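Asker:
2 protein chains.
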Amino acid sequence: MMTAADQDRNISSSFAKGLAVLAVFDAETPCMTLAEIARRSGQDRATARRGALTLVQAGYLRQDGRMLSLTPRVLALAGGFLQANQFGRRVQPVLNRHAQQMEIEVTLAMLDQGRVLLLAQSTVEHGHITYGFTAGSHIPLAHTSLGRMLLAGLPAEEAAKVLAETDLPRHTEASLTDPAAILERVAQAREQGYCLTDSEFESGITGYAVPVSRPGQTPIVAGCSAPRGQQPEADAERLLRGLQLCAAELRHAEAVDHL
Amino acid sequence: MMTAADQDRNISSSFAKGLAVLAVFDAETPCMTLAEIARRSGQDRATARRGALTLVQAGYLRQDGRMLSLTPRVLALAGGFLQANQFGRRVQPVLNRHAQQMEIEVTLAMLDQGRVLLLAQSTVEHGHITYGFTAGSHIPLAHTSLGRMLLAGLPAEEAAKVLAETDLPRHTEASLTDPAAILERVAQAREQGYCLTDSEFESGITGYAVPVSRPGQTPIVAGCSAPRGQQPEADAERLLRGLQLCAAELRHAEAVDHL
DNA sequence: TTGACAGCGTTCGCAAAGCGAACATTGATG
DNA sequence: CATCAATGTTCGCTTTGCGAACGCTGTCAA
């Protein structure tokens, strides 16, 4: 009874469903019940159960009573990527150095499924403590300087499409909620080669971002954020200059060319 | 012809095989052909192919010609774990602070499949560049201070068993190759509450490690490494004291209690 | 040049793997 | 205590995906 919507024989649907189970843990939910996993992954409870139990056996999930949570082993998966791309040698040291010079936390990010995916982060002591994001965290696309700079790295129409598929929760009173207004800021960022946002994600915090990837490549950006200071213009100039230097060095090291 | 060794109906074997494909990328191999994946994962080429193609469709792998490589999306899997355990807020700042005070890179690690899994690493600027390991990297168990301190966190017999299942490649001339000799160092580490190794993994580099987890918990350790200096004893005392402070703070913050 | 060969990606018939309706089990509510 | 809702688990039927077999490409020796 082969349907017309012929499932691709090259794709393993069981595997895809299992991956969906694993991916469900991306939110800040530390642990979940089977039913919750099933709901979030849009699968039958029995299906989710098989996926989860398989993950437990493989050591990626731990089962405490009826609660399931990720084990540190998932880090090894990311480790493969980081090692392969030499992040430890080519990216992290550069971020660290500029972060120290700028006296601020510097973040490298790219697009992933309509959100901003943090690739790497460098922290300096005395830095302002943010939400506690790390490499692998997702942050909103529309209301962060990183996100808008990433959109600016796409062709205008594509950026509009990505943005249209994103929902725009209002994080602060300053959050822009009109897609057109956001796209205008994106266009502005594209033109001037940097992006600033103020208080649209965290109140009182200004975000700064510059492109790292070369035009045409998958967009990669570097950015930082800090409480708004006494001389916003001077701060912006100093931080953007620092970020530009950092970005130039990453480009020169070809550290992010094939992401 | 159902065998007596009845495969558990609760486990999805296709999913498990797919995961094995993903895990194969943990080595420093940036990209692989289908056949290579099949060989490394011990699967039939066709099976590996389905797994890989599924991963491509899910966005975790990218296909360039006949080469397959991980995409940054795998970071999101790790991000779930890091966010859930508040690494960004509870662990990373502590590591960074002590690293800055000690003027050296500090690493947090645990056991995973007979190897040392790096959980987090301080990101302060410093002089000495190591292999470029990052969170999620695996390093050897037997010839690093982190690894031996981890073994010391296990009951003696269990440590012996884990070590027996590990192979002991000789990284440098100084590498101990006799399991008994290694276990003796482990026992010593267990007694004195810290572990030093010298040149057994990288020539001329001394490794320092102390336990972080409480006795009985899954072992977690903190450590650092540096070129051997002029006054080894003074260095050791200073660094171990720093690591102990760092470990105590992590314990107090209960940052790593349920890993 | 040509034949043999080794290694690769891909296909397809048949066995077995896993989907989900249905069944237990738990725990909250009137 | 009965009712109900929500969760975890089982099992028959169908679909999925296993792997022998195939075709293709590049390499070597005759």
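Sequence order for the protein chains is U and E. Quick note: the first sequence uses our numbering, first residue 1, plus one each step. Quick note: the second sequence uses our numbering, first residue 1, plus one each step. Ideal Cβ placement from N, Cα and C applies to all residues, glycine included. Just so it is clear, the structure is predicted and the values come from calculations on it, not from any experiment.
I'd like the ranges of any alpha helix (DSSP H) spanning at least 4 consecutive residues and lying wholly in the stretch 165-239 of chain U.
Answerer: Qualifying alpha helix (DSSP H) stretches, in chain order: 179-192.
Asker: What residue from U/187, U/217, U/251, U/115 has the CA that sits closest to residue 165 of chain U's CA?
Answerer: Ranking U/187, U/217, U/251, U/115 by Cα distance to residue 165 of chain U puts U/115 first.
Asker: Given residue 21 of chain E, which residues of its chain have a CB within under 7 angstroms of its CB, disregarding the five upstream and five downstream residues?
Answerer: The residues are 37, 41, 48, 51, 52, 55.
Asker: Evaluate residue 80 of chain U with the Cβ neighbour count: other Cβ atoms within 10 Å of its Cβ, from every protein chain shown; 16 or more gives buried, anything less gives exposed.
Answerer: Buried.
Asker: Quick one, are the C-beta atoms of residue 118 of chain U and residue 135 of chain U less than 8 angstroms apart?
Answerer: Yes, these two residues count as a Cβ contact at 8 angstroms.
Asker: Which residues in chain U have a C-beta closer than 9 angstroms to the C-beta of residue 102 of chain E? List them in chain order.
Answerer: Chain U residues near residue 102 of chain E: none, gap ~12 angstroms exceeds 9 angstroms.
Asker: Does any heavy atom of the ligand FMN sit closer than 7 angstroms to the C-beta of residue 81 of chain U?
Answerer: You won't find the ligand FMN in this model; it holds no ligand whatsoever.
Asker: Check residue 258 of chain E in the structure and name its three-state DSSP category.
Answerer: The answer is coil: DSSP assigns residue 258 of chain E none of H, G, I, E or B.
Asker: Can you tell me the Cα-Cα spacing of residue 245 of chain E and residue 60 of chain U, whole angstroms?
Answerer: Using only the alpha carbons, I get a separation of about 31 angstroms.
Asker: Count the other C-beta atoms from every protein chain shown that fall within 10 angstroms of the C-beta of residue 177 of chain U, then say buried if there are 16 or more, exposed otherwise.
Answerer: Exposed is the call here.
Asker: Note down the Cα distance separating residue 95 of chain U from residue 148 of chain E, rounded to an integer number of angstroms.
Answerer: Each residue's alpha carbon lies about 31 angstroms from the other.
Asker: Can the beta-carbon of residue 76 of chain E be found less than 8 angstroms from the beta-carbon of residue 167 of chain U?
Answerer: No, these two residues do not count as a Cβ contact at 8 angstroms.
Asker: Hey, residue 110 of chain U and residue 33 of chain U: beta-carbon distance below 8 angstroms or not?
Answerer: Cβ atoms of residue 110 of chain U and residue 33 of chain U: not closer than 8 angstroms.
Asker: Pull up the CB-CB distance for residue 12 of chain U and residue 14 of chain E, whole angstroms please, since I reckon it's below 8 angstroms.
Answerer: About 5 angstroms separates the two Cβ atoms, so the contact holds.
Asker: Could you round the C-beta distance between residue 57 of chain U and residue 17 of chain U to whole angstroms and report it? I think they count as a contact, below 8 angstroms.
Answerer: No, residue 57 of chain U and residue 17 of chain U are not in contact; Cβ-Cβ is about 16 angstroms, not under 8 angstroms.
Asker: Give the DSSP-derived three-state secondary structure of residue 39 of chain E in the structure shown.
Answerer: Helix, per DSSP.
Asker: Identify the continuous beta strand (DSSP E) that holds residue 29 of chain U and give its terminal residues.
Answerer: From DSSP, residue 29 of chain U is part of no beta strand (DSSP E); its letter is neither H nor E.
Asker: CA-CA distance, residue 90 of chain U and residue 108 of chain E?
Answerer: C-alpha separation (whole angstroms): 21 angstroms.
Asker: Expressed to the nearest angstrom, what Euclidean distance is found between the alpha-carbon atoms of residue 183 of chain E and residue 221 of chain E?
Answerer: Taking the straight line joining both Cα atoms gives about 17 angstroms.
Asker: Look at the Cβ atom of residue 84 of chain E, then the Cβ atom of residue 232 of chain U, and state whether they are nearer than 8 angstroms.
Answerer: Cβ atoms of residue 84 of chain E and residue 232 of chain U: not closer than 8 angstroms.
Asker: Report the neighbours of residue 217 of chain U on chain E: residues whose CB is nearer than 8 angstroms to its CB, in chain order.
Answerer: Simply none; closest approach about 13 angstroms.
Asker: Please confirm whether residue 138 of chain E and residue 235 of chain E have their CB atoms less than 8 angstroms apart.
Answerer: Result no, Cβ atoms of residue 138 of chain E and residue 235 of chain E do not sit closer than 8 angstroms.
Asker: For residue 253 of chain E, I'd like the list of residues in its chain whose CB is within less than 6 angstroms of its CB, leaving aside the five on either flank, ordered along the chain.
Answerer: So the qualifying residues of the chain are 90.
Asker: Please check if any C-beta of chain E sits within less than 8 angstroms of the C-beta of residue 253 of chain U.
Answerer: Judged by the 8 angstroms Cβ criterion, residue 253 of chain U is not in contact with chain E.
Asker: Would you kindly report the start and end of the unbroken beta strand (DSSP E) that includes residue 111 of chain E?
Answerer: Residues 107-112.
Asker: Residue 201 of chain U CB to nearest chain E CB: under 8 angstroms?
Answerer: It does not: the Cβ of residue 201 of chain U has no partner Cβ on chain E nearer than 8 angstroms.
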